[in-house]
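What follows is the structure, encoded as structure tokens:
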């Protein structure tokens, strides 16, 4: 039973690897996940929170490959801890946003009428506000902290998923196979789950990859402003903000977290681009 | 976001000042700082940033010099009677306010009546409560009759919070919106969070000012101030962040002025908080013994400062080594924890303001790591400054990392915290009869040697009872171009010597 589907996903992976941006993105994202997983099980060179007061502000060396910060904490370990932290925030918030957004978008598209108008106008209101600003509002109302950061990021990106899900639903629900399913008496939930949703999957997957990059960036931004992850927990945004005053004296404090953020965001974006190319039937065969 | 917009605005203004040559004047001192004044009423301001502007415009009766001695300002001379219950001040003659009105004893009376009126909400009111009545035998003499002996009153007068205002402004209420003082500079315009323009008061009684005016620019990010100094677009700057200031050490083109501050960094423990174990003397002592103060200083301020006891001013400071547990002693700390029955430790929450002082979060993290060694789990709650101040004033915290301002006199500095009647006693969260007695004795004592002994005893007692853990005193920083001559840095961070500055470009 599973065979054809397995073969299909392998084929997809092969196509992705042949796509240049997809391949680079996949490598970066895999690296990021590996580092993040190592960080989350604390397989770091040093404990990320351990202070070595006698060895503060050390330049990169054999013991501390990325140097140490003001407290003598190992930057490399903190980068790994930060990867775990941003991974956690990104995965939870995007899962939340995807579930909620897809649900709302599908309902909206499938039921139509007043429900559609109501849901989509509310989404439009959220859309009208710049993402980081909206996240700032949510966090300042709820208070800083990692759970609230997850919630804020999810709030910001839910409307995008609602919109992305609604479009294909509108097309798919008019198609003959859906009408056929309805004619033989299939219930609405069955139609949505078995026939409509699978056909909206492609754009959603692309969107998920892009949303992961945004949420990574938003988490870093909020933490930089002191509203996301709280010190001493490692977060790339917190590390950047701590380095700000002394970047001139100790440039490695700024360099590594900045590079980590850049590569992480780049990875998810390239992966998203690659997936879009691969999954979009109109582009197929062009490359 | 707002900061960014402001920064852009300031940059645009800076560019405009190049484009429009008429705007840039030769003899105007251009100064930058990160925070703006929060208002123009000298009596109600509490922010350091407000004092730095208003002390150029307004003057108190007496001032402090760079060694914290009381020197004449609007009063030329003064004398206490023998039992320190009456203070007579002889006022400077032919002084005028910026609006041309003459300065007389009437203005002094109006000012102190306003400050003592509870409805005004004057910031320093508590320091003048001993004033029972004010007499004016003639136009240039003022006599304060005191309800009790109060030696610290004289030094307490040396603050912008007791600056003398025009009695007409006080009557009309204009004092809140118009800056009409007797000081060396007049306020020409104030655009909040942007620029403030001051011009020289030619009629000032003192020597100077030698510049034709001062343009104060608000640049919220201190690293940008640093860049502006290096680029030569500003002449003078106030710096708060020691990490930024240290970048200027050894700089060939910009001069860094550094003076030991009397403001102190402190870990406040609220002993009255019954939910936390902090009510136990042994626990507080254990915390004091477990913290290596030098390490906090090295970590948070790169060693820019000195470890200090409760009193920071040179005349009263004690050698920290003679105070209780100023050497880190983990064995003793663990013993004390065991004695209190907390070998297993406990959890406390420490509040710290987000960026004010810039070192607060680093201090909290260093303390967190050190207290973990005696099983105390510290949770850091970082708060926006305004939220932090509200909760601090309400006593709504277990422990706090704070930077508190110092005063030249120990009584004025601590009466508000350590007297059970003090207006900030609830913030200090600790009541102790010994402290009340020592405070009262120090207030009435006129002999300097005896006062020193009283306050030495106070410091030893405070360090041993450990309601707070005093950490260190940093430096006050200003930075300037080499052609700015004659500036004297003050331990109070006061800018009054800007009146004597010359520009030799």
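Protein chains in written order, with the working numbering: chain A, 1 to 287; chain B, 1001 to 1505. Quick reminder that beta carbons are idealized off the backbone N, C-alpha and C, glycines included. This one's a predicted model, so the numbers in the text were calculated from it and none came from an experiment.
- In terms of Cβ geometry, residue 127 of chain A and residue 168 of chain A do not form a close pair [threshold 8 Å].
- The beta carbon of residue 59 of chain A sits closer than 7 Å to those of 67, 252, all from its chain and outside the five residues before and after it, given in chain order.
- Residue 11 of chain A carries a helical assignment under DSSP once its states are collapsed to helix, strand and coil.
- Among the residues of chain B, those whose CB is under 7 Å from the CB of residue 70 of chain A are 1299, 1362, following chain order.
- Taking a contact to require three or more Cβ pairs closer than 8 Å, the region 1084-1093 of chain B and the region 1184-1201 of chain B do not qualify as touching.
- The region 1487-1494 of chain B makes no contact with the region 1436-1456 of chain B: fewer than 3 CB pairs, one atom from each, lie closer than 8 Å.
- Nearest to residue 1259 of chain B by C-alpha distance, out of B/1242, B/1272, B/1271, is B/1242.
- Using a CB distance below 7 Å, the part of the region 212-232 of chain A facing chain B consists of 226, 230, 231, 232, ordered along the chain.
- For the region 55-84 of chain A, residues whose beta-carbon sits nearer than 7 Å to a beta-carbon of chain B comprise 56, 70, 71.
- Of all residues in the region 1366-1381 of chain B, the ones placed with a Cβ closer than 7 Å to any Cβ belonging to chain A are 1366, 1368, 1369, 1380, in chain order.
- Against chain B, the beta carbon of residue 113 of chain A has no neighbour under 8 Å; the closest one sits roughly 39 Å away.
- A residue is called buried when at least 16 other Cβ atoms come within 10 angstroms of its Cβ; residue 133 of chain A does not meet this threshold and is exposed.
- The distance from the Cβ of residue 1263 of chain B to that of residue 1284 of chain B is about 23 Å, inconsistent with a contact at the 8 Å cut-off.
- Legend: CB atoms of the region 1159-1170 of chain B lying less than 9 Å from CB atoms of chain A are not found in any residue.
- Beyond the five residues adjoining it in sequence on each side, residue 1117 of chain B comes within less than 6 Å, by CB distance, of no other residue in the same chain.
- Pairing residue 1235 of chain B with residue 1481 of chain B gives a Cβ-Cβ distance under 8 Å.
- Residue contact check for residue 47 of chain A against chain B: no CB pair falls below 8 Å.
- Here residue 262 of chain A is exposed, its C-beta having fewer than 16 other C-beta atoms within 10 Å.
- Put simply, the backbone Cα of residue 1161 of chain B is about 27 Å away from that of residue 1308 of chain B.
- Under the Cβ criterion of 8 Å, residue 1138 of chain B is not counted among the residues facing chain A.
- Uninterrupted alpha helix (DSSP H) stretches at least 4 residues long and entirely within the region 1097-1176 of chain B occur at 1105-1116, 1153-1156, 1167-1172, given in chain order.
- Among the CB atoms of chain A, none fall inside 8 Å of the CB of residue 1320 of chain B.
- Counting only the Cα atoms, residue 1083 of chain B lies some 18 Å from residue 1142 of chain B.
- Residue pairing by DSSP places residue 74 of chain A opposite A/68 in a beta bridge.
- Of all residues in the region 1217-1230 of chain B, the ones placed with a Cβ closer than 9 Å to any Cβ belonging to chain A are 1221, 1222, 1223, 1226, in chain order.
- A Cβ-Cβ contact shorter than 8 Å links residue 254 of chain A with residue 240 of chain A.
- Excluding sequence positions up to five before and after residue 1170 of chain B, its CB lies within less than 6 Å of the CB of 1110, 1114, all in the same chain and listed in chain order.
- Runs of the alpha helix (DSSP H) lying entirely within the region 1265-1322 of chain B, each at least 4 residues long, are 1281-1290, 1293-1301 in chain order.
- From the beta-carbon of residue 1354 of chain B, the residues of chain A found nearer than 8 Å are 226.
- At a cut-off of 8 Å between beta-carbon atoms, residue 1247 of chain B makes contact with chain A.
- By the beta-carbon neighbour count (other beta carbons within 10 angstroms, threshold 16), residue 179 of chain A is exposed.
- Residue contact check for residue 246 of chain A against chain B: a CB pair falls below 8 Å.
- Note on the region 1423-1487 of chain B: whole beta strand (DSSP E) runs with a minimum of 3 residues are 1468-1473, 1475-1480, in chain order.
- With a contact defined as Cβ atoms closer than 8 Å, residue 1214 of chain B and residue 1070 of chain B miss out at about 26 Å.
- Residue 1382 of chain B: member of the beta strand (DSSP E) spanning 1376-1383, first to last residue.
- Taking C-beta atoms under 8 Å as the contact rule, residue 39 of chain A and residue 83 of chain A qualify, at a distance of about 5 Å.
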